[in-house]
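Visitor: Residue numbers (my numbering): 47 to 395. Each residue gets a CB set at the ideal place from its N, CA and C atoms; glycine is no exception. Below is a structure I'd like to ask you about.
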Amino acid sequence: MNLFEQMKTEGHERVLFCSDRASGLQAIIAIHSTRLGPSLGGCRMWPYPNFDAVLTDVLRLSKAMTYKAAMADLPLGGGKSVIWGDSKKDKTEGRLVAFAKEVASLGGRYIVAEDVGIGLSDIERIHKITPHAAGLSEGSGGSGDPSPATAYGVFCGMRASLEERFGDGSFQGRKIAIQGIGKVGYALALLLHQAGAKLSVCDMDPERVAMICRVTGADPFLGHEIYRVECDIFSPCALGGFMNERTIPRLSCEIVAGSANNQLENAKAALLLKERNILYAPDYVLNAGGLINIADELSGYSKERAYQKIEAIYHRLKEVFALAKKESILPSEAADRLAEARLARGGKG
Ligand code: NAD
């Protein structure tokens with residue numbers, strides 16, 4: 047499929063290829079939709095193996111942002127950008143400046159935020175060149191690190207998932223296995239511990255595991271062992287694609303609910319979860335807390351207001367589960383239908 051066919055099929059409005067000879071910047075900005083408002087999405091800097099991988103990722107991620115914003119009831123569209131390179135070696139001042147000028151050239155149709163390889167200080171640098179950058183530090187009047195907000199949204203969504211499966215949303219005594227104790231996983235573990243859950247955790251970084259075990263009394267697990275932990279909720283908070291034909295048969299849980307983007311490797315993974323009678327809480331509904339928090343910054347940040355909006359993730363997930371039940375479809379299909387209906391209405395209602 048050529049790129050125009052792909053854009054037509056997936057609905058992308060604009061794909062901007064950026065190449066700056068002087069700095070060596072190679073980047074792509076993909077705007078999937080501005081139907082509900084300006085597109086907002088992170089910039090990822092990653093050493094992709096080839097051009098196809100860069101393009102595939104930015105197209106997929108920008109479309110997911112449209113659905114995430116629509117489901118979160120935000121007046122925003124979906125976009126994403128990628129800078130091709132290793133953030134540890136290739137992130138130079140010249141490349142960031144050249145990238146910022148490309149964002150500026152879009153006149154506000156795309157608002158950039160942080161993602162893997164691009165942090166708060168990079169966003170603040172970009173913001174000096176264009177106002178179309180969000181997720182600034184609290185010191186600069188911004189909303190700061192979105193991870194605690196994302197964790198809070200996952201926590202609210204987990205409550206809806208527990209109610210759906212057990213008829214009781216209490217975390218007291220519930221067993222929850224968290225894969226990935228990064229910025230979100232760590233904050234989530236603290237919330238769950240405070241709410242009375244019993245935790246099992248794993249991460250590739252043993253120091254982070256040791257730290258959270260000290261604070262919460264969680265049981266540590268190594269690598270793939272986490273999949274076999276008997277628990278109420280398995281929570282993928284590491285990377286995408288970890289729910290697949292190899293991992294799902296090993297799960298011993300009632301619910302899958304976590305923060306990782308694109309948890310399901312493919313459509314078959316959703317069917318496999320259903321076959322195993324595991325309730326899946328669609329990732330982009332559950333992990334929208336960070337986006338909701340950043341979006342609040344656009345109208346003058348109020349943490350209280352932002353967190354109130356994040357709590358609505360509980361109700362949205364209930365809506366998803368109700369539609370899935372009514373129509374006998376998968377929760378992932380129900381989420382897509384609700385997001386597409388909101389897009390079709392232009393965000394009204
Ligand atoms: P992070 O990089 O801080 O943490 C990820 C953690 O996962 C790291 O500690 C890493 O060591 C661990 N990890 C990687 N591979 C692993 C494996 N195979 N087994 C166990 N642990 C592994 O990232 P984060 O900001 O905490 O985000 C976590 C996930 O949530 C990502 O998929 C991200 O895209 C998604 N997400 C994050 C936010 C946010 O606000 N930060 C918002 C929406 C979605």
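Using the C-alpha atoms, what's the distance from residue 260 back to residue 227?
Guide: 13 Å
Visitor: Say yes only if the C-beta of residue 225 is nearer than 8 Å to one or more non-hydrogen atoms of the ligand NAD, and no if none qualify.
Guide: yes
Visitor: Taking just the CA atoms, how far does residue 257 sit from residue 229?
Guide: 13 Å
Visitor: Please state if the CB of residue 158 and the CB of residue 144 are separated by a distance shorter than 9 Å.
Guide: no
Visitor: Should residue 328 and residue 377 be called a contact, given that it needs their Cβ atoms to be closer than 9 Å?
Guide: Going by C-beta atoms, residue 328 is nearer than 9 Å to residue 377.
Visitor: Are the Cβ atoms of residue 59 and residue 80 separated by less than 9 Å?
Guide: yes
Visitor: Beta carbon of residue 77, beta carbon of residue 85: below 9 Å?
Guide: If you check the CB distance, residue 77 and residue 85 come in under 9 Å.
Visitor: Using the three-state DSSP reduction, which class does residue 160 fall into: helix, strand or coil?
Guide: strand
Visitor: Per DSSP, residue 282 forms a beta bridge with which residues?
Guide: BP columns for residue 282 point to 225.
Visitor: Counting pairs of Cβ atoms below 8 Å between the segment 376-391 and the segment 300-317, do you hit three or more?
Guide: yes
Visitor: Of all the beta strand (DSSP E) runs that stay within the bounds of the segment 327-382, which reach a length of 3 or more residues?
Guide: none
Visitor: First and last residue of the beta strand (DSSP E) that includes residue 244?
Guide: 244-248
Visitor: Can you tell me where the alpha helix (DSSP H) holding residue 141 begins and where it ends?
Guide: 139-151
Visitor: Let me know the secondary structure DSSP gives residue 259 once reduced to three states.
Guide: For residue 259, the secondary structure class from DSSP, reduced to helix, strand or coil, is helix.
Visitor: So, using beta-carbon positions, are residue 325 and residue 301 closer together than 9 Å?
Guide: yes
Visitor: Could you tell me whether the Cβ atoms of residue 278 and residue 220 are closer together than 9 Å?
Guide: Yes, these two residues count as a Cβ contact at 9 Å.
Visitor: Hey, out of 306, 308, 274, 176, whose CA is closest to residue 293's CA?
Guide: 274
Visitor: Starting from the Cα of residue 67, find the closest Cα among 239, 140, 354 and give me that residue.
Guide: Distances from the alpha-carbon of residue 67 to those of 239, 140, 354 put 140 closest.
Visitor: Bridge partners for residue 52 per DSSP, in chain order?
Guide: Per DSSP, none; premise fails for residue 52.
Visitor: What did DSSP end up calling residue 175 once you bin it into helix, strand or coil?
Guide: coil
Visitor: How is residue 185 classed by DSSP in three states: helix, strand or coil?
Guide: helix
Visitor: Locate the alpha helix (DSSP H) running through residue 427, then write down its first and last residues.
Guide: There is no way to answer for residue 427, as the model of the chain reaches only from 47 to 395.
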